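There are 4 protein chains.
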Amino acid sequence: MTCKRADNQDSKSCFSGEEGFISRIDRQDKYQRILRAGITVFAKRGVFRATISEIAREAGVADGTIYLYFKNKDDILFRFFEERTEDIFARFRAAIDGADSARDKLARLITCHLEAFQEDREMAVVFQAETRKIHAMADQVNEISARYRELIGEIIEEGQAQGGIRKDLYMALVKRFILGAVDEVISTWVLAEGKYDLVSMAEPLVDLFIRGIGCFSSEPNA
Amino acid sequence: MTCKRADNQDSKSCFSGEEGFISRIDRQDKYQRILRAGITVFAKRGVFRATISEIAREAGVADGTIYLYFKNKDDILFRFFEERTEDIFARFRAAIDGADSARDKLARLITCHLEAFQEDREMAVVFQAETRKIHAMADQVNEISARYRELIGEIIEEGQAQGGIRKDLYMALVKRFILGAVDEVISTWVLAEGKYDLVSMAEPLVDLFIRGIGCFSSEPNA
Amino acid sequence: MTCKRADNQDSKSCFSGEEGFISRIDRQDKYQRILRAGITVFAKRGVFRATISEIAREAGVADGTIYLYFKNKDDILFRFFEERTEDIFARFRAAIDGADSARDKLARLITCHLEAFQEDREMAVVFQAETRKIHAMADQVNEISARYRELIGEIIEEGQAQGGIRKDLYMALVKRFILGAVDEVISTWVLAEGKYDLVSMAEPLVDLFIRGIGCFSSEPNA
Amino acid sequence: MTCKRADNQDSKSCFSGEEGFISRIDRQDKYQRILRAGITVFAKRGVFRATISEIAREAGVADGTIYLYFKNKDDILFRFFEERTEDIFARFRAAIDGADSARDKLARLITCHLEAFQEDREMAVVFQAETRKIHAMADQVNEISARYRELIGEIIEEGQAQGGIRKDLYMALVKRFILGAVDEVISTWVLAEGKYDLVSMAEPLVDLFIRGIGCFSSEPNA
DNA sequence: CATGAATGAGTGTTCATTCAT
DNA sequence: AATGAATGAACACTCATTCAT
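Chains as they are written, first to last, in our numbering: chain A, 1 to 222; chain B, 223 to 444; chain C, 445 to 666; chain D, 667 to 888.
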């Protein structure tokens, strides 16, 4: 939880006068503590039912302190995903780049996706359950979805060029088809309170994406 | 979808001798007006931000009147979906029963699903965006999802028996895979503010479910 | 419960055309039903928590009907005690007049008082618990208390004249002393949910009034 | 009676170095101000008609501030009597312990009781008028009454042992007889808006308790 | 007369946000 | 920078009262 924070501190301000360094550390620390406390409370109570007081208590700071770091409750949510989005897409990129075939890339993307959510169940709860509303976070979530769909699109197009993927695809739909299925699988896992291994769903899912459920479909990667 | 309301409104202007009849109609009418107003406001503002006053204004009744018909704000949402669920699943059943092959059944189910949501965009907005939370409505939405997955399961098993559907499927995953994809397609349409024809997505979606995106997969229904 | 009502009807309008008779009976009946329903609900819920709707339900009439007979909720309470006060004081007078000595008169008054409350526990609950407030019913309760104290005063003065009662008494205080003690005994009985015989408290109470709790006091009536 | 409040107000203007001290004082002060404002408003309007807003206005705080110190409206009433009960019973105990004979103890108890209520007329109004209901505060008031009756019982039993008090007494009744009489005397004084000296009623009352109103009763203490 | 659906004023309570310390 | 007490706007919900039928 605090490891990432440390990383960020480093990358932000490498050296500085002791005082400033410490206080910036403190600042970062408190910022991250509030961020995490927010997600914890959002996951537990739901974004709307969560109160600033409870987040402050969870973070071990005073109510007013929240406002020194964040504009308001929604801002905590926003900034959390803003930060995590970068981390996670970097991981996605790395995963994809390490594979050759489109099928493999897709498998690695989805595996990485499921890993990221399995690693941080609170984030998963909040993202799946709370940010799906049209009325809040919409822009941010849409942007995340769009970036994700771009990755899928990239993989599929590469696959089409390489020959492993059908060419007669309605791309916009295919992207939603994949994203939606992965999403639902994560939501189910969240609702099941994480009682089983989410990452193990990746391969069977990819199989369904590639071969579908119909008979007589030969394995395309063979 | 709006048939009930239309009926009631028609009969309002009907002559009738019996007092009880008229008042029952009035009651039904007001009940339905509040139900619809609730969904309208929930769709516009979000369930949490919606206020009883705004729903009452939208329905053209006084605030207190809401409480003559509903226990509280959540009850409006609950009763709406309770009622619609029966309608819609009856339509689903009829659609499925009118088809022979598993593929056709699946196509009809999904078409019917997309039709229902396209017919009532407000309902779609609320269902997709607001009832996805873990913390509220969970039981009701879960039950709806479960019933939907049962239908999918039934179709797939029939298809496996008939031979059109692969037998090596992880059923629980397949159900989610289909539901999730359909769901995402609806959500995308909702976010796009219904600017295109949702129902036309049914056939391409089913094609993806059956054949997947991989090459060399022969058309199973052929 | 309804017997008294019948009496009143008779005394109000003995004969009349069938229609008018019946309707006046109906009116009286409904009036009395509401009155009783009011006391029942006041006793059960407390005057403030009682709602017009609940009284109407208890009386078997519509909410609006209450307002054809009573100004408002407090008016039900007021009229109930207005009516009962006359009944009860008539019984008090009869009881007193049937006795000779002051001691006997006091005993009969108190016995009659306890009887009246024991007969109608709902009334007792409401009178003891709900009308004791300074802010409502004050005038009416004060008047009832004053009339009661007058009776006591009358008895005591007679007793002083006859010689059975001390002459060195601070009358205003003595009246409260007796009323307060009787009152408390009734309240206790009410709180005990009427599990014992209230009337049997009359004699021991009178004994305390007359002899006090000190030793060496010879029985004055001897 | 008002001592606590006075203390706090005094110390408010005191200088003090410690932050914590001041804030604790402030807290106590505000708590006491709300408590007092509550009783003032309850006395003026009645507990039910009193609104949080009016109490807040009377206390010079915002509505929401009330809820920083009290659970709800009833809690103000409850805490007030909780606190006062201890004070007052301590005074009762001290009063009783300073006397020898049972008669004297009883006189001191009643004097102390009347003093306490005379000192704080608002409390007297609320206690006499508002807490007498069966439906609210019942437990607290019953407990207070029970403690009071215990004191009376203790005194009487001692008197019986010493010989000043009759032995043929129905104790449960005697306790109510005394409590009821004192109570009524206080209620009368409250209703008379405190226009006369309540404490002067103590001696005549005790005289009535001991000697009763009958003739030929010799002074037991003589 | 009787009804009971409808009204909307009124209130307890919550909680995001501010600001003096 | 940090605090957390105080604020007061906002909202759900109740219920006495009215009035069209």
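Even glycine gets a Cβ: it sits at the ideal position worked out from N, Cα and C. Since this is a predicted model, take the numbers as computed values, not measurements.
For residue i, name the three-state secondary structure that DSSP assigns.
i	result
Ile831 of chain D	strand
Gly381 of chain B	helix
Ser811 of chain D	helix
Ile244 of chain B	Low local confidence applies: a pLDDT of 45 at Ile244 of chain B is under 50, so the model's placement there is unreliable, with the coordinate-based value given in what follows. Ile244 of chain B: helix per DSSP, three-state reduction.
Met137 of chain A	coil
Ser323 of chain B	coil
Arg313 of chain B	helix
Ala795 of chain D	helix
Thr273 of chain B	coil
Val505 of chain C	coil
Asp641 of chain C	coil
Tyr67 of chain A	helix
Tyr475 of chain C	helix
Gly375 of chain B	helix
Gly260 of chain B	helix
Asp741 of chain D	helix
Gly268 of chain B	coil
Ala858 of chain D	coil
Asp564 of chain C	coil
Give me whichever residues DSSP pairs with residue i in a beta bridge.
i	result
Gly214 of chain A	B:Ile387
Excluding the 5 residues flanking residue i on each side, which residues of the same chain have their C-beta closer than 8 Å to its C-beta?
i	result
Ala773 of chain D	Ala765, Ala868, Glu869, Val872
Ala129 of chain A	Gly46, Ser187, Val190
Phe522 of chain C	Met581, Gln584
Asp627 of chain C	Gln572
Leu652 of chain C	Ala625
Tyr640 of chain C	Trp633
Ile578 of chain C	Legend: pLDDT at Ile578 of chain C = 49, less than 50; position of this residue unreliable, value from coordinates given subsequently. Cβ within range, chain order: n/a, list empty.
Gln828 of chain D	Ser767, Ala768
Glu304 of chain B	Gln362
For residue i, collect the residues of the same chain with a Cβ closer than 7 Å to its Cβ; drop the 5 residues on either side in sequence, then sort them by chain order.
i	result
Arg815 of chain D	Lys841, Leu845
Ser145 of chain A	Leu179
Glu122 of chain A	Ile39, Thr40, Ala43
Leu817 of chain D	Phe758, Ile762, Leu775
Gly214 of chain A	none
Cys556 of chain C	Arg535, Phe536, Ala539
Arg306 of chain B	Met345
Lys611 of chain C	Gln604
Phe311 of chain B	Arg369
Gly375 of chain B	Met393, Lys397
Glu781 of chain D	Val865
Phe302 of chain B	Leu257, Gly260, Ile261
Enumerate in chain order the residues of its own chain whose CB-to-CB distance from residue i is below 6 Å, with the five nearest sequence positions on each side excluded.
i	result
Gly825 of chain D	Ala768, Ile831
Ser53 of chain A	Asp63
Glu143 of chain A	none
Lys549 of chain C	Ile540, Ala543, Ile599
Val348 of chain B	Ile261, Phe264, Ala265
Three CB pairs or more closer than 8 Å across the region 494-504 of chain C and the region 711-724 of chain D: By the Cβ test, the region 494-504 of chain C is not in contact with the region 711-724 of chain D, since fewer than three Cβ pairs between them sit closer than 8 Å.
Residues of the region 424-438 of chain B whose Cβ lies closer than 9 Å to any Cβ of chain A, in chain order: Residues Pro426, Leu427, Asp429, Leu430, Phe431, Ile432, Arg433, Gly434, Ile435, Gly436, Cys437, Phe438.
Interface residues of the region 159-171 of chain A facing chain B [CB-CB below 7 Å]: Gly163, Gly164, Ile165, Arg166, Leu169, Tyr170
Short-range partners of chain C found in the region 723-740 of chain D, where Cβ spacing is below 9 Å: none
Contact list for the region 741-759 of chain D against chain C, Cβ threshold 9 Å: none
Chain A contacts made by the region 255-272 of chain B, where a contact means CB separation under 8 Å: Arg267, Gly268, Phe270, Arg271
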